[in-house]
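J.: Let me give you the structure first, and then I'll get to my questions.
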Amino acid sequence: MATSIAICSGKGGVGKSNITVNLAMVIQSMGKRVAILDADFGMANSHILMGINPEHYISEALSGEKSMSEIGCPGLKGVNVYSGGSGLLEVLNLDKTKRFQTIRLMDEIEDQIDVLLIDVPAGASDNSVSFVSAADRAVVVLVGEPTSFLDAYSFIKACHLEMKITNFTIVVNMANSAAEAKKHFDRFNAIAMQFLDVRLRFGGHIPMSQRIRKSVIDRKPITARKSDLPEVVAFQSVAKQVLDAPMNTTNGIRFFQQGKSGEG
Ligand SMILES: Nc1ncnc2c1ncn2[C@@H]1O[C@H](COP(=O)(O)OP(=O)(O)OP(=O)(O)O)[C@@H](O)[C@H]1O
Ligand SMILES: [Mg+2]
Numbered sequence: 004m005a006t007s008i009a010i011c012s013g014k015g016g017v018g019k020s021n022i023t024v025n026l027a028m029v030i031q032s033m034g035k036r037v038a039i040l041d042a043d044f045g046m047a048n049s050h051i052l053m054g055i056n057p058e059h060y061i062s063e064a065l066s067g068e069k070s071m072s073e074i075g076c077p078g079l080k081g082v083n084v085y086s087g088g089s090g091l092l093e094v095l096n097l098d099k100t101k102r103f104q105t106i107r108l109m110d111e112i113e114d115q116i117d118v119l120l121i122d123v124p125a126g127a128s129d130n131s132v133s134f135v136s137a138a139d140r141a142v143v144v145l146v147g148e149p150t151s152f153l154d155a156y157s158f159i160k161a162c163h164l165e166m167k168i169t170n171f172t173i174v175v176n177m178a179n180s181a182a183e184a185k186k187h188f189d190r191f192n193a194i195a196m197q198f199l200d201v202r203l204r205f206g207g208h209i210p211m212s213q214r215i216r217k218s219v220i221d222r223k224p225i226t227a228r229k230s231d232l233p234e235v236v237a238f239q240s241v242a243k244q245v246l247d248a249p250m251n252t253t254n255g256i257r258f259f260q261q262g263k264s265g266e267g
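One gets our numbering by counting positions in the sequence shown from 1 and adding 3 to each.
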């Protein structure tokens with residue numbers, strides 16, 4: 004059965020899409036079949052980081068014009084990207100029915116993949132919270148800034164209060180050192196523990212890196228090539244932590260629901 008992992012943050016621009024794409028690369032290298040659902044409807048851009056250009060979007064599968072196999076855009080290493088589309092104003096806000104349909108559409112590819120990574124839009128909208136709630140695991144990207152702490156906290160609070168999600172893996176991005184990243188996690192965890200009944204787990208860090216910045220400009224994920232660069236090693240380590248994290252078993256609509264209902 005395929006597993007689903009949502010990459011979220013609350014705050015925008017902290018590196019969700021970059022982390023989604025690079026985790027896809029390293030998890031695929033571990034021998035698993037991976038796909039990306041870019042759930043940032045209307046502003047999807049994970050395909051840009053992978054250097055590919057989808058011709059069709061989820062909206063076309065929702066309207067029945069295209070099948071999911073036509074929506075999947077083949078990316079690097081055989082990772083397919085299912086894009087929410089960019090510049091498509093009409094799908095910026097998915098209503099509840101369309102969200103439900105989108106999650107069910109992914110069932111069509113379940114037997115083709117082992118891991119689905121969901122690039123969740125910034126903010127604490129119903130869309131974002133619902134996609135996290137539908138996934139087996141939640142990864143929250145944090146950077147060492149008060150605004151990121153505040154938005155990540157608000158997002159986790161919304162997920163917990165609205166959907167009873169309890170397990171979150173925190174990945175510190177743009178960190179200057181492992182020690183600094185762990186310090187950020189400890190501070191954030193202390194705040195969350197004080198006010199919320201959630202379990203946060205440290206998933207490691209990704210260094211602040213000019214090479215990562217350049218890989219974005221070049222539209223080629225840093226992990227696309229085999230290497231022992233510290234950035235690549237960091238993504239491999241985070242991938243292991245994420246795959247190993249405890250699962251959420253919320254009630255309600257879930258990705259790849261078969262066999263999952265009634266667990267939570
Ligand atoms: N570890 C890193 N080191 C240096 N730059 C980084 C790192 N991670 C991300 N960036 C830069 O940060 C910017 C934002 O990254 P990204 O688009 O992945 O963020 P996001 O959270 O998906 O944003 P949005 O909320 O707009 O979807 C990019 O320009 C990228 O180059
Ligand atoms: Mg993004």
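Here a beta-carbon is modelled for each residue, glycine too, at the ideal position from N, C-alpha and C. Owing to the predicted nature of the structure, the values given are computational and were not obtained by experimental measurement.
Going by C-alpha to C-alpha distance, which of I256, T226, N254 sits closest to A242?
T.: T226
J.: For the region 102 to 185, list the beta strand (DSSP E) runs that are entirely contained and at least 3 residues long, ordered along the chain.
T.: 118 to 122, 140 to 145, 170 to 178
J.: Evaluate contact between the region 155 to 169 and the region 109 to 120, counting only Cβ atoms and requiring at least three cross-stretch pairs below 8 Å.
T.: No contact exists between the region 155 to 169 and the region 109 to 120.
J.: Short of 7 Å in beta carbon distance, which residues of its chain neighbour T253, apart from the five on each side in sequence? Order them along the chain.
T.: S136, M166, K167, I168, G267
J.: Could you compute how far the alpha carbon of F258 sits from the alpha carbon of I8?
T.: CA-CA distance, F258 to I8, rounds to 10 Å.
J.: Is D43 near ligand 2, with its Cβ less than 7 Å from a heavy atom?
T.: yes
J.: Residues bridged to Q208 by DSSP?
T.: According to the sequence as given, residue 208 is His; it is not Gln. DSSP, once it has assigned bridges, lists V175 as partnering H208.
J.: What is the residue span of the alpha helix (DSSP H) that I51 lies within?
T.: 49 to 53
J.: Could you give the first and the last residue of the continuous alpha helix (DSSP H) run that contains V84?
T.: Looking at the DSSP string, V84 is not in any alpha helix (DSSP H); the run it does join, the beta strand (DSSP E), is 83 to 86.
J.: From K63 to F198, what distance separates their C-alpha atoms?
T.: Checking the sequence, you will find Glu at residue 63 rather than Lys. Straight-line Cα distance between these residues: approximately 42 Å.
J.: DSSP has P77 in a bridge; who is on the other side?
T.: Looking at the DSSP assignment, P77 forms a beta bridge with N83.
J.: Apart from the five residues on each side of it in sequence, which residues of its chain come closer than 7 Å, Cβ to Cβ, to P249?
T.: N170
J.: For I55, which of E68, S72, C76 has the nearest alpha-carbon?
T.: C76
J.: So is K14 buried or exposed if we call it buried at 16+ other beta carbons inside 10 Å?
T.: buried
J.: Please tell me whether D43 and G81 are closer than 8 Å, where the distance is taken between their beta carbons.
T.: No; because the gap between Cβ atoms is not below 8 Å, this pair is not in contact.
J.: Work out the CA separation of Y60 and A138 for me, nearest whole Å.
T.: 21 Å
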